[in-house]
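Reading through the structure tokens given below for one structure.
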Amino acid sequence: MATIDIDAPGTSQLFIGNEAIARGALEAGVGFAAAYPGTPSSEILNSMASVARNMDIYAEWSINEKVAMEAAAGASFAGIRAMASMKQNGINVVSDFLSNLVMTGIGPAGLLLISCDDPSAISSTNEQDTRHIAKWLDIPLVEPGTFQEAKDMTKWLFELAEQLGTLCMLRSVTRIAHARGNVNLGELPRKQKKAYFDQCHDARNPFPTRYMPISSPIRHTFLHLKLARAKEQFESSPFNYYLGPEQPDLLIITCGSSWLYSQDAVKALKLEDKVGILKLGTLWPLPEKFIEKHLSKSHKILFVEEIDPFLEQSIMEFAASLPSTAPRPIFLGKRSNHIPAQGELNPDLVMKAITSILGVSYEARDAEYSKKAAELASTSVPTRSWTFCAGCPHRATFWSIKNATKLDGRNGVVTGDIGCYSMALGAAGFYQLRTVHCMGAGAGIASGLGKLAQFGFNQPVIAVVGDSTFYHATIPALINGIFNKSNYILVILDNSATAMTGFQPHPGTGVTAIGEQTQPISMEALCRSLGARVEICDPFDLKSTTNTLLNMMAEGGGAKVAIMRRECELVRGKKAKAPYKVHIDSEKCVGQACGCDRVCTRMFLCPGLIWDKEAGKSKIDEVVCNGCGFCADICPQGAIVKEAA
Amino acid sequence: MVIATKTCNDLLTEVVDQGLCTLCGACTGSCPYLAYYKGRIALLDKCSVTGAQCYEYCPRTHIDMDRLSQHVFSAPYSHDEMGTARDILIARSTEKQIATKAQYGGSVTTLLSLALEERLIQGTVMSKMSPDKTSIATLAKTTDEILQCAGSNYMACPVLEAYNKLPKDSNLKLGIVATPCQVLALTKMRNHPPQNRADINNVQLVIGLFCTWALAPDSFHGFLKEKFEIPKVTKFDIPPPPANRFDVFTISGTTSLPLDDVRNYRMPTCAYCLDMTAELADLSIGAAEGIEGWNTIIVRTEKGADLLELARTKGKLEINKLPPQNLAHLKEAAWLKKKRALQEIINRTGDKKELLYLTLPQGLMDALLG
Chain A
1 MATIDIDAPG TSQLFIGNEA IARGALEAGV GFAAAYPGTP SSEILNSMAS
51 VARNMDIYAE WSINEKVAME AAAGASFAGI RAMASMKQNG INVVSDFLSN
101 LVMTGIGPAG LLLISCDDPS AISSTNEQDT RHIAKWLDIP LVEPGTFQEA
151 KDMTKWLFEL AEQLGTLCML RSVTRIAHAR GNVNLGELPR KQKKAYFDQC
201 HDARNPFPTR YMPISSPIRH TFLHLKLARA KEQFESSPFN YYLGPEQPDL
251 LIITCGSSWL YSQDAVKALK LEDKVGILKL GTLWPLPEKF IEKHLSKSHK
301 ILFVEEIDPF LEQSIMEFAA SLPSTAPRPI FLGKRSNHIP AQGELNPDLV
351 MKAITSILGV SYEARDAEYS KKAAELASTS VPTRSWTFCA GCPHRATFWS
401 IKNATKLDGR NGVVTGDIGC YSMALGAAGF YQLRTVHCMG AGAGIASGLG
451 KLAQFGFNQP VIAVVGDSTF YHATIPALIN GIFNKSNYIL VILDNSATAM
501 TGFQPHPGTG VTAIGEQTQP ISMEALCRSL GARVEICDPF DLKSTTNTLL
551 NMMAEGGGAK VAIMRRECEL VRGKKAKAPY KVHIDSEKCV GQACGCDRVC
601 TRMFLCPGLI WDKEAGKSKI DEVVCNGCGF CADICPQGAI VKEAA
Chain B
1001 MVIATKTCND LLTEVVDQGL CTLCGACTGS CPYLAYYKGR IALLDKCSVT
1051 GAQCYEYCPR THIDMDRLSQ HVFSAPYSHD EMGTARDILI ARSTEKQIAT
1101 KAQYGGSVTT LLSLALEERL IQGTVMSKMS PDKTSIATLA KTTDEILQCA
1151 GSNYMACPVL EAYNKLPKDS NLKLGIVATP CQVLALTKMR NHPPQNRADI
1201 NNVQLVIGLF CTWALAPDSF HGFLKEKFEI PKVTKFDIPP PPANRFDVFT
1251 ISGTTSLPLD DVRNYRMPTC AYCLDMTAEL ADLSIGAAEG IEGWNTIIVR
1301 TEKGADLLEL ARTKGKLEIN KLPPQNLAHL KEAAWLKKKR ALQEIINRTG
1351 DKKELLYLTL PQGLMDALLG
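Keeping their order, the protein sequence lines are chains A and B. First residue of the first sequence? That's 1 in our numbering, and the numbers climb one at a time after it. First residue of the second sequence? That's 1001 in our numbering, and the numbers climb one at a time after it.
This is how it looks when you write it as structure tokens:
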């Protein structure tokens, strides 16, 4: 499959939505792309970084989303088209900067914010709908409903941003970001502009250029004028269109991936002559005249959109402002419970809403078939649970954390954070995590728990963060803990990659997004410079890791750091062969008997270990086992044997 | 049998959570779920095994003295003050190196060294004071290693954990030096051999230690740390009554603490223990009160008698009869411990028929309560 820099204008290529966005940016002559990894947004910068040298653009994995947006703004101020991409959580991180950026306006070059939302929170802790920030902060917002639009909108949005002098936002969702479709390509500009921070725009302006949010009320007024100009453009945008009969029984108003589901639903129900679909691509500010024209088409209007009723509320609000003589349709959607207000949509859900509103009956397949399919699925598909990969060092770390807190005996509390290790909420990490919120929150919460001694609190507190999360948002919480003498242990799971989102580099890895060598930021040197006691453990050294944690818990005092250093097994596995060949000495394995009770397959749960029910013994799954050899140390009978491979 | 349904949870709720655990170590060392750490037994994970050996061998669950006595002596439990005894003697080591390091007469170290030399045993499970002056369970395989274990800190130590940690295919012939509660647990194991642990029949020699109570390791160690620079401490001693003091020897001199202060750190479970002299051992050894530098030795089994005879003929130990007034005193102390403990148990349960963990012959019950 082609990379996004394929120089073949006029051809059609298969791109995932994120690649289409990146391609659109390339066609627009973007020069600077920054991002922090997060599903479903990561492939935008992944793909741009991979072509950065060829396209003579700059791409970086920033330390967090706020810095990504700020860095991109810097490029815009110096006349280079720039963008920052992130998942929905990142919008919260960047929002403080955004609220000021909209006041100052952008530089002479277009600046985009790309937000990829995750309805149903398939790879997230929440399913926040980021369209609201556009309304909240007066940011022109578009959302692609096809892969082609993902590319075309991105390209056009740079021009719009430049025309308006304000940040523009593109919102996408998982099923656009990660699905693949045909994209017709345009020209790729090759020459980048010279970057220059022009401190005095022109002769008419006696003051140097200053990007400052004051005086806010005046700038707010200007911002509203920019928004009004955006609205004018949106009224005639080709990304908004109507499909259906002139006088439909039901009018669907939709956007994004719901546009695809709506089309499928209408088609499947064969209601093309009765149901019309108004597809919106420019969501904020609303193209009010365009919408008004269609509102009178039907007396029933159904809003089909994912997560929040953004269009539903905005359009109802607008309709309320129409003169009393205007037709008053019935508005249906989330408010009327026809469309779920949480989770992803799909054609079935849209069909359900349409059939219930129009009183038609439809059965996608006969009930008997559905029953059979469900039965078959339950018998022939093995149950799978969330777990760490075979040989994952996190499993070993959580084993030590569990043992150490049990041995310590004071009901130690473990706070968690965002990454693969969030799975320690469940059996994969022996149910050790008690809290998971946003990036860096675990250490912040620990910092509070660690100050409760005066209220009789004596439970040890352990905050667990990944290496990338440490750099992203944990350092302030650590400094807070040291400054305020909070009694907690920060455990950093240093597996040398942003593993969960696809092994992107971070400041500790010594490599940048475009593969350049850079000075690695040593987390231990950083923490020591803050005055923290820092211990470095190999999580595969069970005894020493457990003892270090016990010792730190017993010691008390201010915030301390324990770095669990071992490379992500998937990263290691790509570079080298398995270190051990592991097998089970079935003579020694006592299985369920007293003295073991299947500790490896009942508690430790590495997927490389399987329970042979018939033999009453454990076995190694040679296909899954990565040969890390750690399980040999947890077998109480010495039945797991590791031999150097 | 009730035991067949018991799990490690029952051990925790009936023994550990009730403050009855003696920290003998019978439940740890071979189990991935139970672990000894700083004076506590911790449960690391849920175990689903019923008829669990941890419950089975605990010296604070179902102790039937008649049955255990049958196993060791082929006779019902003796109603005497110190249980079954063939002979009661005093002894001291003739080896200078041992005598200087030993707590009292050096008899334990001497007998173990002899047993090693004679290949009666190949190693001994016993407690050892670590540099931080807490105790750890260890397997000593040479005379030197045994010598390093000489001396006591009076703190409980999970000695049996060292046996449990042996590979289950170990055929090392073993001696064990154990306190009365540990001998009880060990006798349960010998009576009903454990699974998935080293063969209990490898235990060839059981030397029991006299014990009135043991100190709770973690809290007492905390008390010591407040008062002394631990690395400078060399030895602890409780001189015989009426001294009523706890002596701490350091490189800069000896400090005597009132014994009552130290008693506050006793293991609560010791109050329910009737056995002062490790009545189910081959040989039971303690200080000879009032005879400085000597041990009292109670000879209980043929095996014990043979080893002692060998020590005498080889000139390793100097052995004498225990003077009658000392014997009377020892008997009185042992009997008083039995009476006191039985009363404590009854006070706790509120019922003379409910003795927590213990089943005693009725005749002995009557004598003790009379």
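Cβ atoms here follow ideal geometry from the backbone N, Cα and C, with glycine treated the same way.
- GLU235 (chain A): member of the alpha helix (DSSP H) spanning 216-235, first to last residue.
- Rounded to the nearest whole angstrom, the C-alpha separation of TYR1036 (chain B) and LEU407 (chain A) is 8 Å.
- From the beta-carbon of ASP597 (chain A), the residues of chain B found nearer than 7 Å are CYS1047, SER1048 and VAL1049.
- With its beta carbon less than 7 Å from one in chain A, LEU1044 (chain B) belongs to the interface.
- Here LEU1043 (chain B) has CYS1008, LEU1012, TYR1033 and LEU1034 as same chain residues with Cβ atoms under 7 Å from its own Cβ, once five neighbours each way along the sequence are excluded.
- Taking 7 Å as the cut-off, the beta carbon of PRO327 (chain A) is found no closer than this to the beta carbon of SER361 (chain A).
- By the beta-carbon neighbour count (other beta carbons within 10 angstroms, threshold 16), CYS200 (chain A) is exposed.
- Taking a C-beta distance under 7 Å as the contact criterion, GLY110 (chain A) and ALA161 (chain A) qualify as a contact pair.
- According to the DSSP assignment, GLN163 (chain A) belongs to the alpha helix (DSSP H) that extends over 147-164.
- Taken atom to atom, the span from the alpha-carbon of VAL491 (chain A) to that of THR545 (chain A) is near 11 Å.
- In the displayed model, ILE357 (chain A) falls within a helix according to three-state DSSP.
- Looking at the DSSP output, GLN13 (chain A) bridges to A:VAL183.
- Taking the Cα positions, THR1100 (chain B) is about 39 Å away from MET552 (chain A).
- Between GLY591 (chain A) and GLY616 (chain A), the C-beta spacing is below 7 Å.
- DSSP places TRP61 (chain A) in the uninterrupted beta strand (DSSP E) bounded by 58-61.
- Three or more Cβ pairs closer than 8 Å define a contact, and the region 1193-1210 of chain B falls short of that threshold against the region 1084-1100 of chain B.
- With contact defined as three or more Cβ pairs closer than 8 Å, the region 1188-1196 of chain B and the region 580-596 of chain A are in contact.
- Listed along chain A, no residue sits closer than 9 Å to PRO1268 (chain B) by beta-carbon distance, the nearest being about 17 Å off.
- Residue pairing from DSSP places TRP284 (chain A) in a beta bridge opposite A:LEU141.
- Here the C-alpha atom of ILE521 (chain A) lies approximately 38 Å from the C-alpha atom of MET153 (chain A).
- For the pair PRO329 (chain A) and HIS299 (chain A), the CB atoms are nearer than the 7 Å cut-off.
- By the criterion of a C-beta distance shorter than 7 Å, CYS1054 (chain B) is surrounded in its chain by CYS1008, LEU1011, CYS1027, CYS1031 and LEU1034, once the five residues flanking it on both sides are discounted.
- For the region 1022-1040 of chain B, the residues whose beta carbon sits under 7 Å from a beta carbon of chain A are, in order, SER1030, CYS1031, PRO1032, ALA1035, TYR1037 and ARG1040.
- Of all residues in the region 1197-1224 of chain B, only ARG1197 come within less than 9 Å of chain A when Cβ atoms are compared, listed by chain position.
- Residue environment for GLY531 (chain A): exposed (fewer than 16 other C-beta atoms within 10 angstroms of its C-beta).
- Among the residues facing chain B, GLY409 (chain A) is included, as its CB has a counterpart in that chain under 7 Å away.
- In terms of CA proximity to MET1365 (chain B), B:LEU1274 leads the group B:VAL1233, B:LEU1274 and B:ASN1164.
- Taking a cut-off of 8 Å for Cβ pairs, the region 567-587 of chain A and the region 507-515 of chain A do not touch, as fewer than three such pairs fall below it.
- Counting only unbroken stretches of 4 or more residues, the alpha helix (DSSP H) elements lying wholly within the region 273-344 of chain A are 288-295 and 310-320, in sequence order.
- DSSP links GLU643 (chain A) through a beta bridge to A:LYS581.
- Distance between PHE1246 (chain B) and PHE1210 (chain B), taken at the CA atoms: about 17 Å.
- In this structure the region 476-485 of chain A does not lie against the region 50-66 of chain A, because fewer than three pairs of beta carbons, one per stretch, are closer than 8 Å.
- Contact between the region 1103-1117 of chain B and the region 1223-1230 of chain B is absent: fewer than three C-beta pairs spanning the two stretches fall below 8 Å.
- Here LYS1165 (chain B) carries a coil assignment [DSSP, helix/strand/coil].
- With distances taken between CA atoms, GLY1286 (chain B) lies nearest to B:VAL1177 out of B:ASP1132, B:VAL1177 and B:GLU1014.
- Within chain A, no residue has its CB atom less than 9 Å from the CB of GLN1018 (chain B), the nearest being about 16 Å off.
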